[in-house]
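Numbering (this note's numbering), first residue to last: 1 to 307. Glycine residues also receive a C-beta, built at the ideal position from the N, C-alpha and C atoms. Since this is a predicted model, take the numbers as computed values, not measurements.
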Amino acid sequence: MMSSKFIFITLSICALSLTGCRDIPADKADLLGDDYRLFQGTIAWDLAKDVEDQNVQEIKRQVKKLKVPVDYKETKFGGTLLMLAVRTNKYRSVKTLLSLGANPNTPNDTVRNFGRNAVIFASMHNWASADILRLLLENGGNPNSVECGVQEDGFGNFNPACNSALFYAVFASFEKVKILIEAGADVNLETSATDVGAMYAAFAHQRMDILLYLLEHGADYHRKFERVNLDDPNYPTFKVSVLYELRLQAFPLDSKMYQEKLKVIAFLKKRGLDYWKYPCPDGTIEIIKREMEFEDEHQLQYYLKKY
1 MMSSKFIFIT LSICALSLTG CRDIPADKAD LLGDDYRLFQ GTIAWDLAKD
51 VEDQNVQEIK RQVKKLKVPV DYKETKFGGT LLMLAVRTNK YRSVKTLLSL
101 GANPNTPNDT VRNFGRNAVI FASMHNWASA DILRLLLENG GNPNSVECGV
151 QEDGFGNFNP ACNSALFYAV FASFEKVKIL IEAGADVNLE TSATDVGAMY
201 AAFAHQRMDI LLYLLEHGAD YHRKFERVNL DDPNYPTFKV SVLYELRLQA
251 FPLDSKMYQE KLKVIAFLKK RGLDYWKYPC PDGTIEIIKR EMEFEDEHQL
301 QYYLKKY
């Protein structure tokens, strides 16, 4: 059996080897936005390594004594070490950087990138803990953070990036949705890129539980949603109601999401919007038939009365 001393030495050697690897010069053109090696060759490289290692004392020494700018940005994406610490779920590093004055609202590059800040990164990534998002908000993070950069449309064109932290949270975590709203996020925040924001995201992600939460916290159920007519070669847009969108949400009758949908239906009916009297949009029944695979017409008709 190996001695504990031998195991300790082996692990120490492995750790040193891994630490040494990150000092090998990297081609930054190949690096992604959550790679600490983006800071190689800069005044913040040693600080970056300490942030990755969550070496609290060294982080403080680098910023306080050596005067390394706490919000120093790498040049490829314009990211800060606070953003990297958030994206790599380094809670202790996030807490330390914030205590040293790191700004959770500083965006990354806005000319060639999305213009996202630490709050948005914490809201959109599953691997960034909810505790990190909460910490950012407690230290001045804006719960209504919105992208302020650009996004590529797939055809080489760049359009404004305008998605909000709450919009992204809907796709990532119900808990993060609650954290943002409790911190003051506007459930009706509208931007040019997200249409009706969080409600739109809840429909797109088929999250009836989140939709109900948004409605209970003031989401405007009279707002209109924009749809595109794909049957027309000119692709004209048209506006639809919340009941139209709700009619497109089809779930198995024994599912949890169906039960959540019924709660949304009940919420809206109390406010004068009767889902059961609203007709199915064109093409909806054919989609339901294809996705649900009913045994016969009787089963289909039963479902259509209930869904």
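Under the three-state reduction of DSSP output, Ser-164 falls in the strand class. The segment 258 to 268 makes contact with the segment 199 to 213: 3 or more CB pairs, one atom from each, lie closer than 8 angstroms. The beta-carbon distance between Val-94 and Leu-135, rounded to whole angstroms, is 6 angstroms. This is short enough to meet the 8 angstroms contact definition. Every alpha helix (DSSP H) stretch that sits fully inside the segment 99 to 127 and reaches 4 residues is listed by chain position as 118 to 124. Taking a 10 Å sphere around the C-beta of His-125, we find 16 or more other C-beta atoms and assign the residue as buried. Distances from the alpha-carbon of Asp-274 to those of Gly-283, Leu-243 and Glu-291 put Leu-243 closest. In this structure Cys-21 is exposed. Its beta-carbon is surrounded by fewer than 16 other beta-carbon atoms within 10 angstroms. Collapsing the DSSP output to three states places Lys-73 in a strand. With the rule of 3 Cβ pairs closer than 8 angstroms, the segment 129 to 145 counts as touching the segment 172 to 188. Put simply, the backbone Cα of Ile-59 is about 17 angstroms away from that of Gly-79.
Of the residues assessed, Asp-231 falls on the exposed side of the cut-off, its CB having fewer than 16 other CB atoms within 10 angstroms. Counting the other Cβ atoms within 10 Å of the Cβ of Gln-299 gives fewer than 16, which makes it exposed.
In this structure, the beta-carbon distance from Phe-114 to Gly-149 falls below 8 angstroms. Per DSSP, Phe-203 has no beta bridge partner at all. If you look at Lys-64, you'll find it in the alpha helix (DSSP H) that goes 56 to 64. Listed in chain order, the non-local C-beta contacts of Leu-248 below 7 angstroms within the same chain comprise Pro-281 and Thr-284, local neighbours out to five positions each way being set aside. By the neighbour-count criterion, in which a residue is buried when 16 or more other Cβ atoms sit within 10 angstroms of its Cβ, Glu-52 is buried.
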